[in-house]
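The listed protein sequences derive, respectively, from chains A and B.
Add 272 to the 1-based position in the first sequence for the working numbering, that's all there is to it.
Add 272 to the 1-based position in the second sequence for the working numbering, that's all there is to it.
Just so it is clear, CB atoms sit at the ideal spot from N, CA and C, and this is done for glycine as well.
Only a predicted model underlies this, so the values are computations on that prediction, with no experimental measurement involved.
Scroll down for the structure; my scribbles are underneath it.
2 protein chains.
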Amino acid sequence: MSGLNKIVECVPNFSEGRDLKKIEKIVDSFRGKKGVKLLDYSNDEDHNRCVVTVVGEPEELKKAVVEAIGTAIEVIDMNVHEGQHPRMGATDVVPFIPIRNVTMQEAVDLSKEVAKEVSEKYNLPIFLYEKSASSKERENLSKVRKGQFEGMKEKLKQPEWKPDFGPDEIHPTAGVTAIGARMPLIAYNVNLNTSDLEIANKIAKKVRHIGGGLRFCKAMGVELKDRGITQVSMNLTDYTKTTIYSAFELIRIEAKRYGVSIVGSEVIGLVPMAALIDCAEYYLGIEDFSIDQVLEAKL
Amino acid sequence: MSGLNKIVECVPNFSEGRDLKKIEKIVDSFRGKKGVKLLDYSNDEDHNRCVVTVVGEPEELKKAVVEAIGTAIEVIDMNVHEGQHPRMGATDVVPFIPIRNVTMQEAVDLSKEVAKEVSEKYNLPIFLYEKSASSKERENLSKVRKGQFEGMKEKLKQPEWKPDFGPDEIHPTAGVTAIGARMPLIAYNVNLNTSDLEIANKIAKKVRHIGGGLRFCKAMGVELKDRGITQVSMNLTDYTKTTIYSAFELIRIEAKRYGVSIVGSEVIGLVPMAALIDCAEYYLGIEDFSIDQVLEAKL
């Protein structure tokens, strides 16, 4: 994948976490395809759900995702599905994430193209969500999914829950799918030298958006019992606007109130290169840096 | 280029900086080849020299470099070459730099394979230098190249300057070539809020290796006249051992002696992703981070 190519990430969630044969059949749609790369997939038996992480060039990725949604319809029957995780469809949710040389608008357009194609091809009702949502009420996935598969039949009869694409009734075995575009999400935790969860929670409340803190930050206090410390556990939902270093520094400043210090931090899972390089730029006061100067960005 | 592939960088220097037709002919060896990507090339008329930056998978890169050295022999006659930059051959120097999934030893092995192949194919004498050097005296390129093209005929007659590969006499028109492996070099400058060049030089002396400073740091003071400030201009020759942040912090500490502060810093040209991410890890105190968590490292 050359540095000039457009790269989009997709993290589709399928409602099958137990039957490995079925899971492999779905995941096969992302294997051996030019311009598409399967990065990871994992299934959870309790959730009865499988999460796939794949990157690719928009057109090639689209084809693979459409194929996978078709396979999920073939192998999954939501009428007999049970699991701990909320879900409404065989393919439950399909987020597209702009990674390289791709704008959010292009990711939104891609999500709509996929929505249109699968609705027509499989007669599947689709809700657009997040940045692709057709109204404020449909942005939040948990609101869209409320009622789950079992409640969707009635929900779709309400005029305000008419699907964005496809028929006005659920697919008999595959239910409803949410498709949309969002920014990459960064799971970032800051560890504190206190075992007092209340302090961690107070700091979390100050740092997160709903408490008056950073716009694209969700946060909560968490105990790390084995280490005898606590942490502020965060999701940064748009690192281009709410940076890792601003979350870190704000926690440092709030912690000071309680005589508490930061002992370290953790990045969980994948993180876009630019989110970390931005921090190096900040702390080193690097002037006029361009991401094109990063050797790997040219590969 | 997949995340699993081995990637090596090569920055060959050719002794032609004026005749664009000849330059294009040499550079053509790096175009349109699978597994090889031309990142940059630039020629300097005063130096009468052209520097190419190319990355690729080891085997493919080797073939392209061997071809380019052959073309340089065809189009360049060192007997009529003149320019400001020291040089000893049509292809003057060929460094190989490990970038991804490649050890320094593999880069050394690759440099020796190229040395052997071009010495046999073109009857060209080769000195191995830097990490590939066969003795301490041959590590430093300026010592190897001392005497330049005009002096090489006599130099090669000395037993201690017997080439590592190829004949014991110069190629009549292409001279001698140095081939070796080295770490990526980072050009990093730290700007100071003083116009006093003497202070910048004093700080540079403390930070650099020969002054008792950091092992893989070369440094000098430089005036930025238009901004009325000075800077410590550095080459970091092994960022895995001498980090960007340690150079930055050491300058900050030394500058304090003179009541001087850092106003910013600059990264010049290309920089490996890991060198900057290392700084983010340091300043954010990130625990247990792996470069595999960087999304782009997986592409």
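DSSP three-state assignment for residue i, whether helix, strand or coil
| i | result |
| --- | --- |
| A:Asn351 | helix |
| A:Pro284 | coil |
| A:Lys570 | helix |
| A:Glu441 | coil |
| A:Lys490 | strand |
| B:Thr509 | coil |
| B:Gly342 | helix |
| A:Glu331 | helix |
| A:Pro435 | coil |
| B:Asn315 | strand |
| B:Val535 | strand |
| B:Met273 | Confidence at B:Met273 is low in this model, with a pLDDT of 45, below 50, so its placement is unreliable and no value can be given for it. |
| B:Asn465 | coil |
| B:Val386 | helix |
| B:Asp564 | helix |
| B:Asp498 | helix |
| B:Asp266 | This structure cannot speak to residue 266 of chain B, because chain B is shown only from 273 to 571. |
| A:Gly447 | strand |
| B:Leu556 | helix |
| A:Ala453 | strand |
| B:Glu411 | coil |
| A:Lys306 | coil |
| B:Arg417 | helix |
| B:Arg524 | helix |
Selected residue, minimal CA-CA separation from residue i, among the options
| i | options | result |
| --- | --- | --- |
| A:Gln510 | A:Arg359, A:Ala472, A:Glu402 | The residue asked about is misnamed: residue 510 of chain A is Asp in this sequence, not Gln. Per the Cα distances, A:Glu402. |
| B:Arg499 | B:Glu354, B:Val535, B:Ala547 | B:Val535 |
| A:Phe302 | A:Cys282, A:Asp291, A:Asn315, A:Arg321 | A:Cys282 |
| B:Val539 | A:Glu521, A:Gly541, A:Met545, A:Ile549 | A:Ile549 |
| B:Val448 | B:Ile458, B:Glu432, B:Leu457, B:Leu428 | B:Leu428 |
| B:Glu354 | B:Glu422, B:Val324, B:Leu542 | B:Glu422 |
| A:Lys384 | A:Arg372, A:Pro367, A:Asn373, A:Leu571 | A:Pro367 |
| B:Val326 | B:Tyr313, B:Met360, B:Gly485, B:Ile516 | B:Tyr313 |
| B:Pro284 | B:Leu310, B:Asp291, B:Leu292 | B:Leu310 |
| A:Glu346 | A:Lys293, A:Ile398, A:Lys334 | A:Lys293 |
| A:Gly438 | A:Phe399, A:Leu542, A:Gln430 | A:Phe399 |
| A:Ile523 | A:Lys477, A:Thr512, A:Glu317 | A:Lys477 |
| B:Ala450 | B:Ile341, B:Phe561, B:Tyr555, B:Glu526 | B:Ile341 |
| A:Tyr555 | B:Glu521, B:Thr445, B:Glu317 | B:Glu521 |
| B:Arg372 | B:Ser533, B:Thr514, B:Pro330, B:Arg529 | B:Pro330 |
| B:Leu526 | B:Gly484, B:Lys497, B:Lys474, B:Val380 | In the sequence on display, residue 526 of chain B carries Glu and not Leu. It is B:Lys474. |
Proximal residues of chain B, C-beta to C-beta of residue i below 8 Å
| i | result |
| --- | --- |
| A:Cys269 | The structure shown has nothing for residue 269 of chain A, since chain A only spans 273 to 571. |
| A:Val566 | Leu542, Val543, Pro544, Met545, Leu548 |
| A:Ile534 | Gly557 |
Close Cβ partners of residue i (< 6 Å) along its chain, the five nearest in sequence each way excluded
| i | result |
| --- | --- |
| B:His443 | Leu396 |
| A:Ser518 | none |
| B:Pro358 | Arg417, Gln420 |
| A:Ala344 | Phe286, Ile298, Ala362, Thr363 |
| A:Leu469 | Gly493, Glu495, Thr502 |
| B:Asn315 | Gly289, Ile295, Cys322 |
| B:Val374 | Lys278, Val280 |
| B:Ala336 | Ser301, Phe302, Lys305, Val308 |
Where residue i meets chain B, residues with beta-carbon distance less than 7 Å
| i | result |
| --- | --- |
| A:Ile261 | Not covered by the structure: residue 261 of chain A. The range shown for chain A is 273 to 571. |
| A:Leu311 | Lys570 |
Closer than 6 Å: residue i CB and nearest the ligand GDP heavy atom
| i | result |
| --- | --- |
| A:Glu296 | Questions concerning the ligand GDP fall outside what the structure shown contains, since it holds no ligand whatsoever. |
Chain-order list of residues whose beta-carbon lies under 8 Å from that of residue i (same chain, five-residue window excluded)
| i | result |
| --- | --- |
| A:Met376 | Pro370, Lys403, Ala453, Met455 |
| A:Ala472 | Leu464, Thr466, Gly493, Val494, Glu495, Thr502, Gln503, Val504 |
| B:Glu332 | Lys305, Lys306, Gly307, Val308 |
| B:Glu409 | Lys415, Glu432 |
| B:Lys434 | Leu428, Asp440 |
Proximal residues of chain A, C-beta to C-beta of residue i below 9 Å
| i | result |
| --- | --- |
| B:Leu464 | By Cβ distance, chain A contributes nothing, its closest Cβ being about 12 Å from B:Leu464, past 9 Å. |
| B:Tyr517 | Ala552, Tyr555, Leu556 |
| B:Ile634 | Not covered by the structure: residue 634 of chain B. The range shown for chain B is 273 to 571. |
| B:Val327 | Leu567, Lys570, Leu571 |
Partners in chain A for residue i, counting only beta-carbon separations shorter than 7 Å
| i | result |
| --- | --- |
| B:Phe520 | Leu556 |
| B:Phe561 | Val539 |
For residue j and residue i, believed in contact at Cβ under 8 Å, the rounded distance
| i | j | result |
| --- | --- | --- |
| A:Val338 | A:Glu392 | Their Cβ separation, rounded to whole angstroms, is 10 Å, which puts A:Val338 and A:Glu392 out of contact at 8 Å. |
| B:Ser414 | B:Asp436 | Their Cβ separation, rounded to whole angstroms, is 17 Å, which puts B:Ser414 and B:Asp436 out of contact at 8 Å. |
| B:Met545 | A:Leu567 | 7 Å |
| B:Thr514 | B:Leu486 | 5 Å |
Residues of its chain near residue i, where Cβ-Cβ distance is below 7 Å and the 5 sequence neighbours each way are ignored
| i | result |
| --- | --- |
| A:Met506 | Tyr460, Asn461, Cys489, Lys490, Ala491, Ala519 |
| B:Ser274 | Note that B:Ser274 scores a pLDDT of 49, beneath 50, so its modelled location is shaky and nothing firm can be said. |
| A:Gly557 | none |
| A:Glu411 | Tyr401, Glu402, Ala405 |
| A:Met424 | Met360, Ile442, Gly447, Val448 |
Q. Along the segment 536-548 of chain A, what residues have a CB closer than 8 Å to any CB found in chain D?
A. Of the protein chains in this structure, namely A and B, none is chain D.
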